[in-house]
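Just so you know, we're using the numbering used here here: the sequence shown kicks off at 57 and counts up by one.
Right, one structure below, let's go through it.
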Amino acid sequence: MSLRRPRSLRKVMLGVVGLTGFLVVWQLVPTLGLINSQYLPYVTDVFARLAEEFRDLAFWRRLGYTMTSWAIGLAVATAAAVVLGTIVGLVPFLRRATHTVVEFLRPIPSVALIPLAVLLFGIQMQAALLIIIYASFWQVFVQVIYGVADVDAVARDTARSFGLTRRERLSYLVLPTALPYLMTGVRLAAAVALILAITAEMVIGNPGLGRMIELSRSAGDSVGLYAFVVVTGLLGLLVNLVFRFIERRSLSWHQSVRGEEVL
57 MSLRRPRSLR KVMLGVVGLT GFLVVWQLVP TLGLINSQYL PYVTDVFARL AEEFRDLAFW
117 RRLGYTMTSW AIGLAVATAA AVVLGTIVGL VPFLRRATHT VVEFLRPIPS VALIPLAVLL
177 FGIQMQAALL IIIYASFWQV FVQVIYGVAD VDAVARDTAR SFGLTRRERL SYLVLPTALP
237 YLMTGVRLAA AVALILAITA EMVIGNPGLG RMIELSRSAG DSVGLYAFVV VTGLLGLLVN
297 LVFRFIERRS LSWHQSVRGE EVL
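Dropping the structure here:
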């Protein structure tokens with residue numbers, strides 16, 4: 057514990073130093089005339105604009121709309137991926153039968169489905185949800201299949217020889233093995249869902265952060281554009297930190313997390 061605290065503190069300090077250096081360079085680039093401030097505004101102007109937006113109730117409503125579509129899409133995608141991934145992973149025949157289909161569907165860019173989503177649902181949240189769910193589903197689905205299939209054969213045979221029921225094997229054998237894979241998939245899916253939520257708003261025109269970015273771009277408001285981009289970056293950082301925290305707490309017993317704590 058005593059060794060871990062200095063390491064954590066040093067990691068935080070290095071992060072702060074890196075961020076401060078980035079902001080200083082950002083401020084200097086337009087100040088020195090390397091890039092016109094019309095295209096790269098001063099960091100002080102961007103953060104002043106952020107302070108204004110944070111006092112605006114409309115900003116928080118749009119942010120809430122983006123996070124609502126993100127949360128719903130991620131939850132639906134995760135639930136569907138866990139159920140289907142567990143079924144497919146437990147049955148070798150299904151793994152072989154669906155392999156080609158999965159490898160065909162998974163690389164399809166989600167943004168390519170935007171015209172179909174608009175055709176089906178119009179300019180509504182459901183259109184964005186279709187894109188978010190499709191992109192997030194594969195992140196969790198593939199990880200769950202790998203996790204379920206990674207159950208040790210000797211442990212599986214031992215459980216059967218001891219007469220464990222299917223539910224007990226799922227609870228005490230399959231779930232502990234698949235959980236690290238699942239948590240990794242959910243963390244990756246959370247980031248992908250946020251990206252697609254904002255992208256869908258930019259392209260489809262739903263209210264939210266993506267729409268605010270697009271309106272700033274079309275109006276030539278570079279300060280507002282960068283301010284909203286910074287907000288999306290902060291959201292991505294927050295989402296990653298929250299899911300890493302959940303992952304560490306839920307896998308505190310696992311050797312991967314315990315190994316990191318020892319180091």
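Backbone N, C-alpha and C fix where the C-beta goes; we use that ideal spot for every residue, glycine too.
>> Out of 73, 240 and 67, which one is the CA nearest neighbour of residue 198?
In response: Nearest C-alpha to residue 198: 240.
> Can you tell me whether residue 181 is buried or exposed, with buried defined as 16 or more other CB within 10 angstroms of its CB?
Replying inline: It is buried - the Cβ of residue 181 has at least 16 other Cβ atoms within 10 Å.
>> Considering just the uninterrupted stretch of the alpha helix (DSSP H) at residue 245, what are its terminal residues?
In response: Taken as a continuous stretch (DSSP letters only), the alpha helix (DSSP H) holding residue 245 covers 231-260.
> Per DSSP, what kind of secondary structure is residue 307 in: helix, strand or coil?
Replying inline: Correct three-state label for residue 307: coil.
> Does the beta carbon of residue 275 fall short of 6 Å from some heavy atom of the ligand NAP?
Replying inline: This structure simply doesn't include the ligand NAP, nor any ligand for that matter.
>> If the criterion is Cβ atoms closer than 7 Å, does the pair residue 173 and residue 186 meet it?
In response: A contact, by the Cβ cut-off of 7 Å.
> How long is the line joining the alpha carbons of residue 246 and residue 254, rounded to whole angstroms?
Replying inline: Per the coordinates, the alpha-carbon of residue 246 lies some 13 Å from the alpha-carbon of residue 254.
>> Going by C-alpha to C-alpha distance, which of 301, 71, 260 and 272 sits closest to residue 170?
In response: Residue 260 is the option with its Cα nearest to residue 170.
> With DSSP run on the structure shown, which of helix, strand or coil describes residue 95?
Replying inline: Residue state, collapsed to three classes: coil.
> In this structure, does DSSP put residue 188 in helix, strand or coil?
Replying inline: In the three-state DSSP reduction, residue 188 falls in the helix class (H, G or I).
> If we count the other Cβ atoms within 10 Å of its Cβ and call it buried at 16 or more, is residue 116 buried or exposed?
Replying inline: Label assigned to residue 116: exposed.
> Would DSSP call residue 164 helix, strand or coil?
Replying inline: Coil, per DSSP.
>> Suppose the cutoff is 7 Å on Cβ atoms and the five residues either side in sequence are ignored; what does the same chain contact list for residue 107 look like?
In response: Answer for residue 107: no residue qualifies.
> Going along the chain, which residues of its own chain have a beta-carbon closer than 7 Å to the beta-carbon of residue 83, five neighbours each way excluded?
Replying inline: Within the same chain, residue 83 has close Cβ partners 98, 99 and 100.
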